[in-house]
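Quick note, the sequences are listed as chains A, B, C and D, same order.
Numbering-wise (the numbering used here), the first sequence opens with residue 12 and increments by one.
Numbering-wise (the numbering used here), the second sequence opens with residue 56 and increments by one.
Numbering-wise (the numbering used here), the third sequence opens with residue -10 and increments by one.
Numbering-wise (the numbering used here), the fourth sequence opens with residue 17 and increments by one.
Every residue gets a Cβ at the ideal spot worked out from N, C-alpha and C, and that includes glycine.
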Amino acid sequence: MFSQLVMLGSSGMLLTALIVLWRKHVPAYISAYRLQVWLLAGVTATVGYFTSDWRLFAVAFVLVVLKAIAIPALLRTMLRRFGAQPEVRPYVNTETSLLVAGLLVLFAYVLARPWMAVTDLPTRDALPIAMGLLFVSLFVIVSRRKAITQVIGFLMLENAIALLAAVGTYGVPLLVELGVFLDALMGFLVMQIFVYQIHETFDTIDVEQLTRLRH
Amino acid sequence: MPSLALLLVPPLVAAALAIVVKPYRRFVGWAGVVLASLSAAASGTLAIQVVRDGPVFGGVGDIWRVDALSAMLALCIAFVALLASMLGPGLADERDGDPAQTRRFRIFMNAFAFTMLAAVTTGNVALMWVAVEATTIMSAIVIPLDRTKASVEASWKYILICSVGIALAFTGTVLAYFDFVSTAGEVPGSLNWDVLRDAAPSLHPELLQLAFAFILIGYGTKAGLAPMHTWLPDAHSEAPPAISAMMSGVLLAVAMYAIARWKVVVDGAVDRRFTTTLLIAFGLASVALGAFSLVIQRHYKRMLAYSSIEHMGLVAVALALGPLGMFAAWLHVANHAIAKSASFLLAGRVLRRYGTTEIDDVTGLLRAMPWTGTLLAAGILALVGLPPFGLFVSEFLLVRAAVETRHLAVVGMVLLLMAVAFVSLLGHLNRMLYGDPPPAVATGERRSWPLFALAVPIALLIVLGVALPAPVDALIRQCVASLAP
Amino acid sequence: MSRAIAILFQTLLAAGLAPLVGGFIRWVKARLNGRRGAPPWQPYYEIQKLLGKEAVVSRTASWIFRATPFVVFSTSLVVASFVPLVAAPAGRFIAGDLFAAVYLLLLGTFFLALAGLDTGSPFGGMGASREMTVVALTEPTVALSIVALALNAGSTSFSQIVSRTLAEPAAALGPGHLLAFAALFIVTLAETGRLPVDNPATHLELTMIHEAMVLEYSGPYLALVEWGASLKLFVFLALAVNLFMPWGIAVSLAPIPLAIGLVTFVVKIGVLATAIAVLETRVAKLRLFRVPELLSASFVLALLAVLSTFLTR
Amino acid sequence: MTVDRSAAFLFMIAGYLAGAIVALIAPSDRIARGATAIGAASGSVAGLVVALAVLATGDRFELVRPDMIAVAGGIAIQLDSLGALFLALVCSVGLFAAIYGFTYTADYDGRRSLRFFGLMFNAFLLGMSLVPCAANVFTFLFAWELMAVASYFLVMTEHESSDARAAGLWYAAMAHFGFVLLLPMFLIMAPAAGATAFVDLRAGASALPPAARSTVFALALAAFGSKAGVVPLHVWLPRAHPAAPSHVSALMSGVMIKLGVYGLLRVTADFLGTGPAWWGGLVLAVGSLSALGGVLYALTENDLKRLLAYSSVENVGVIFLGIGAALVLQSYGLPALAMVGFGAALLHTVNHACFKTLLFLAAGNVLHGAHTRNMEQMGGLIKGMPVTAMAFLIGSAAAAALPPLNGFASEWMVFQALLSGAQIPKPEVAIGSPLAVGVLALTSGLAAATFVKAFGISFLAMPRSDAAAAAREPHWSAWTALGAFAAATVVLGLFAPSAIAAMYRIVESVTATPRDVTGGGGIWLLSANGVAAVSPLLIAVLVASVAFVAFASIRARGFDVRVADTWGCGRIRQTARMEYTSSAFAEPLRRIFSELYRPTEDFSVSVHPEARLIIRSITYTTRIVPWIEKALYEPVTRGARAIAASVRRLQAGSVHLYLLYIAAALMAALASAWWFE
């Protein structure tokens, strides 16, 4: 039962990542992200419940408050500020990006094969999915041209790692968990400041304009 | 324990002071300098203490662990932070920038120093990752100090690339931790480096190889190893001189420190040739990229940035060449930190006087700014590895280590690439120093205190180059011993 | 001590005979052209006349112009002192070997070229430039012919070479020896300014090399320079004769061998001088930029000489 | 008197350092100049004392400070007689160059930073004097690079002209090329991990397999050859020496390139010992190439100091011929004859240091007086500067190897060394040595032509420019240096036999071969087998006496001398334009060797705008294209630029591309991790 629930949660997260690749409008990305955080909190809570480790409940709660509510709100204010222009044509069109995402998940399974052999944790099967989510969010950052989308890609990268930690080692010690949260939050805030600054100096947030610094 | 606290707390206090005093005033700057020198003195006593009687532990669950290597790096960081706080905006130059910018600089420069000190003094590998991530964030904020198009672009690229890199490093950390947990079970303090090192032989080799791959790419991005170096030239050339001095001098070294720590753990489980080959490959790529990027280079700040890539490549190669190579690596890190931070600060002074970073527009430096010109010449001569400066000694040891470990191909490649870098850097220096200064530039320079402050690192380099003092020699031997498996 | 007197006597003999050889060649050429020609001892009259005349010195010339005649004369005479003429001298008083002789003559030419430049006239400059070109190109040939001789003699000292060829006359007819002689003969013509390279009898600006340098000299200076030049010719002829056909040279210092040595030496010099005269009447002067071909031919001859002495050893 | 050598040695270092530091912080230019001169002079005197002490007694001088940089083996000083000879050279030339420099740099007052110059001049002397004393790899390389850095800045003193800057860069690049080869060479010889002292290298070298020994030899020849300025690696020398102030170029040409010879001797004669015959053959080939190439370029040079620089390349070629002959003889088991070769090379090293320094200092006087280096604008300087003219004449005669001066003595010894090589029965040697003799003879002939041109065109006849006409002697203190070296040139020439005997003692102490070759017997300079002999002293006496007799007899007869215009085929007035110019003087030889020079000639006629038939001016310019540089160095620089251009394209500016790099690197690392086990 425990492993099925975890599998359900993590594959759900992977699906939300695919939404970003599929859809073209930024608001859709924000809702996908929010859903992903809820699923992550769910997975952490189930792991906490089954291993009766209260720390994970606290982590899940902070996840929800911080990443499910605060960050999407900030993202929406940013969106209102810049107007919801449609996503500029990305480097890779939708079909190929979905295809690449599939390949990346496959690669994650190949990569995770030695880990599966090593451990007998019930949440063993979720490991390749976590790695898959990591590679997909990396691909989102690389392929999308809008600064906001890259920020969302980065946030999904953080979620992938949190999932990997939760699934692989039932969470890291509390102090480290706190540190990771702090970093994620600070990272997001700084990126937000930079997006405002880019908008202000370049009056567009298409990262493609940012190629003045060469050689 | 007290000297460790005395090392870490002063930067925090300085940052807090800067936050509190809303309109920036000069006494905040001087307070920052005093606190920085306090922290530097503490790092000195810490180093002596560590050399005398072994690693110092501290904090709950031993999260702080200072061995010789951490002490040496802490000393470098504190020294460069002191230099940066003295010569940063708001104190050194007569015409102050607008107070808000200076206040922001003071806050995040001290925070940046604290995060670096924390990264090298923590014993817990995950906390080390958190601290390194924090250094990225703290330094990223302060790059676009003057809000030009270039600096905003540089900061965006810096934060994005480094965060992606660091995320990969965390994956590697989690993988190693996962492997440790699955073999030894839930042991308190399991993320401490010395626990991991002792448990290394029992871990699974193939898993640790994957973990090291992630870690090398992750921390390699922070260390500026090719091909993950792309953020470095933009960030270091656009950041304010004090920040690029700290970044180029010691931040890269902190990332190399992290790689070195993990190399020891991975070498416990996997055959040493794995990490050696990877380090030499990435090292040589960086040296090659750094050297050849210098040949046609039009901006002197980017020139110094590419030279950092080359030197970090040399350190990576040296780490893979056995104990003498390790000695050469850490001596090179110390020498490079001093030389590069001094050079960047001097380049900052040149930028303020000439107003341009184009090498062709900067002529007659010896005539326009005789003292800065001479010191900059000394700095760049040190960077190309000429006696009587310290880098000559470490590069000599590096080649000797390579010959002794029979890496003759590496010797050939390294020497050839260093020659390319030598000719290019000297060519650019040649163009800048001599000839007549452009009419618009004022000539002549008062002997003010910033120049004396900048003469200290150059003098230190000569001391390290001519007569490696015994305490430094002992400290670096201890560093090598502390990394021995 | 008697050895020193023998060398002194030999040097004086060289100084005395040198102008005669020059005059003799001129006389033979005149006879070949069907002219009566001035008597062979005419140069003595010239020298005696010049010594009495007034010397004209150019305004631009420095002390080098005035010192050169003495340098040229003394170097040629000193070379004559250690070249084997009548007897094969050995022992303490011989100041140098073949290389020393060549380089001492080069000292004379060095100063003569400087004197040519010193007067500031284009002719002097042209003469000096061409003389140094010719000298530079003859050096390797001289060196290689010395090597050829020294190879089978074991060293470059005159007495060693002469005694070795005396000891085994068969070697003298060997290819090495003949090729070396031919090379040295061509070098003699080039160095002393004889016909194929430079025309001694002309004053035509474009063709003269040696004459151009001494154009400005007059009076006693000219006498000394002419005497030095004839001494140089005499030394080269003596070298060619005694190193390659040393038969009849006096080995001991007793009066009879000395007398025989003197007679044979004079006959041999006479034969060689007539040979040069005949050659000069037959051949025309080479264009300056064809001279290097002649000199490289002599260099190849010398190289073959070295190889053959090595092969036959 | 037993001099305390370590005290003198430390005093030498103290002297140089004091000179450097006091010059740097001197308040006024004059004090800076004074400090430079006094510091350099005192250091040189102390160094000279140490060197002569070691040369006289023959026992080594040791000073080891292992604590200085312990990990690299510490600072170790050991002076044997070979090192002492070169230290003596450095210090003696340094002493007089310092004295000469004091007045020479007076022109720089106010215009150039004399403080920086003082610092670098003393650092240069310190670096050069430490090289022969170094006894372990680190100290040697430290001194070697310090010498290179300091001389780079000295070359850059007159940095207004862009070609001085280019010269500086060329020089630094080539010096570093040498260093990059030296480092692996020494380390390959180091036997054990920590053993980098020269004593261990000596042991290590003998234990090396033949292939490694040949690599060490090749690296040593290339590295020390580039410092000595042998032909393929000489390109920096004719650029750097003229750009430096004259007393510095005297130091560089007279002494610094000799440290390349010292290095080669130390590695081949001392460490490697006897090697295969092709070693000697290679050195002979390089020597001949340098001798011929150097003199050919010197011949067509119109810049006086560049001419002297190319002549240094030629003389280094002669030294390498000596070493090559010695190595060949050594490889065929004739160590006694090899000593003649090494002795000849050392003697020519000392002789060249003397007369080349004399020539450069005299050229310095000319530059000071006539304010130009271009020989086409000189002429008639002998009238305004008689002493400098006399010094230059002695130097030129010595450079052209004319008896009885020192150039002749050492060139005669090199001839004898090559001749003794010709007796080896092997065919390739029997042909090689005579060819080398031919090359050496051609070189000395061309050198004679070069120096006739150098002296004749610049000093004799009428001045070709007003500056040349107004040229006057510099301050009398410059004559001390000229006098000293002129005397040394003459004395070393006349008493060459005792000089060559000293050289044999030095070679004997280094190669430890028995000395059955008869050294100089009294006034006689003997050949290898002791039969052929020449006595410069006797020649000088004879020539002088004959000249005196002739002079006295003519003076006795009495004749009056009339001064009149030079005969000019009836022209009215003789002007300087009618004189032969330096390019005209070299024209015949340039035409003969045109395939080697490959001159570019362009010829333009400018016609009067209205009437096409009236020619206003015809300009004919010809330039000697240094095709060696084009063939060897251009491809290297072009290749580096091409790679640099492609590397630059990597940094294309787009963040996405950069992230792709990271993804690719990750894939590569993961693949290598997966493939590894």
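>> On the CB-based measure, 16 or more other CB atoms within 10 Å of its CB, does ASP96/D come out buried or exposed?
In response: buried
>> Rounded to whole angstroms, what is the Cα-Cα separation between SER327/D and VAL299/D?
In response: 19 Å
>> Given a cut-off of 7 Å on the beta-carbon distance, is the pair ALA158/A and ILE204/A in contact?
In response: no
>> Threshold first: 3 residues or longer. Then list the beta strand (DSSP E) segments lying entirely within the segment 599 to 623 of chain D, N to C.
In response: 615 to 623
>> Quick check on HIS36/A - is its C-beta less than 7 Å from some C-beta in chain D?
In response: no
> Taking the alpha-carbon positions, what's the PRO615/D to PHE467/D distance?
Replying inline: 22 Å
> Tell me which same chain residues have a C-beta within less than 6 Å of the C-beta of GLY9/D, skipping the five on either side of it?
Replying inline: Here chain D covers residues 17 to 693 and nothing more, so residue 9/D does not appear.
>> I believe THR52/D touches GLY117/D by the beta-carbon criterion, under 8 Å. Please report the beta-carbon distance rounded to the nearest angstrom.
In response: 7 Å
> Is it true that the segment 213 to 228 of chain C meets the segment -2 to 6 of chain C, where meeting means three or more beta-carbon pairs spaced less than 8 Å apart?
Replying inline: yes
>> I'd like the list of long-range same chain contacts for LEU79/D, defined as Cβ closer than 7 Å, with 5 residues on each side in sequence excluded.
In response: SER22, PHE25 and ILE93
> Where LEU155/C and LEU232/C are concerned, what is the direct C-alpha to C-alpha distance, given to the nearest angstrom?
Replying inline: 10 Å
>> Taking the beta carbon of HIS491/D as the centre, do at least 16 other beta carbons fall within 10 Å, making it buried, or is it exposed?
In response: exposed
>> I want to verify the contact list: residues of chain D whose CB lies under 8 Å from the CB of THR222/A, in sequence order.
In response: ALA668, GLY669 and SER670
>> Going by DSSP, what residue range makes up the alpha helix (DSSP H) through ALA229/C?
In response: 208 to 233
>> Just checking: is the beta-carbon of PHE146/A within a distance shorter than 7 Å of some beta-carbon in chain B?
In response: no
> Which residue comes first and which comes last in the beta strand (DSSP E) that contains TYR120/D?
Replying inline: No beta strand (DSSP E) holds TYR120/D; the alpha helix (DSSP H) holding it covers 97 to 120.
>> With a threshold of 8 Å on Cβ separation, who are the neighbours of PRO642/D within its own chain once the five nearest residues in sequence on each side are excluded?
In response: VAL251 and TYR313
> Cβ of VAL76/A less than 7 Å from any chain D Cβ?
Replying inline: no
> Would a check of beta-carbon distances place PHE659/D closer than 7 Å to chain B?
Replying inline: Note that residue 659/D corresponds to Ile in the displayed sequence, not to Phe. Answer yes: the Cβ-Cβ gap between ILE659/D and chain B drops below 7 Å somewhere.
> Does DSSP put ILE630/D in a helix, in a strand, or in coil?
Replying inline: coil
> When the distance is taken between beta carbons, is SER292/B closer than 7 Å to LYS395/B?
Replying inline: no
> Looking at C-alpha atoms only, which residue of TRP286/B, PRO260/B, LYS277/B and LEU262/B is the closest neighbour of HIS226/A?
Replying inline: TRP286/B
>> For the alpha helix (DSSP H) containing ARG15/C, name the first residue and the last one.
In response: -9 to 21
> Measuring CB to CB, does GLY437/D end up less than 7 Å from SER449/D?
Replying inline: yes
> Which residues in the same chain as SER242/D place their Cβ atom closer than 7 Å to its Cβ, once the five residues preceding and following it in sequence are excluded?
Replying inline: MET190, PHE193, GLY194 and LEU249
>> Per the DSSP calculation, ARG639/D is bridged to which residue(s)?
In response: THR616/D
>> Looking only at its chain, what residues have a beta carbon closer than 6 Å to the beta carbon of ALA256/D, apart from the 5 residues adjacent to it on each side?
In response: VAL171, ALA183 and TYR187
>> Could you check whether the Cβ of LYS204/B sits closer than 7 Å to any Cβ belonging to chain D?
In response: no
> Taking the continuous beta strand (DSSP E) assigned at LEU79/D, which residues delimit it?
Replying inline: 77 to 81
> Which residues in the same chain as PHE118/A place their Cβ atom closer than 7 Å to its Cβ, once the five residues preceding and following it in sequence are excluded?
Replying inline: PHE146
> Name the residues in the segment 108 to 130 of chain A whose C-beta lies less than 9 Å from a C-beta of chain B; which are they?
Replying inline: LEU122, PRO125, TRP126, ALA128, VAL129 and THR130
> From ALA315/B to ALA150/D, what does the alpha carbon distance come to, in whole angstroms?
Replying inline: 36 Å
>> Quick check on the burial criterion: 16 or more other C-beta atoms within 10 angstroms. Buried or exposed for PHE47/C?
In response: As written in the sequence, residue 47/C is Ser, which differs from the Phe given in the question. That one is buried.
> Can you find at least 3 beta carbon pairs, one from the segment 96 to 110 of chain C and one from the segment 591 to 598 of chain D, that sit closer than 8 Å?
Replying inline: yes
> So which of ALA417/D, LEU673/D and TYR613/D has the shortest CA-CA distance to ASN367/D?
Replying inline: ALA417/D
>> Can you look up SER460/D in the DSSP assignment and give me helix, strand or coil?
In response: helix
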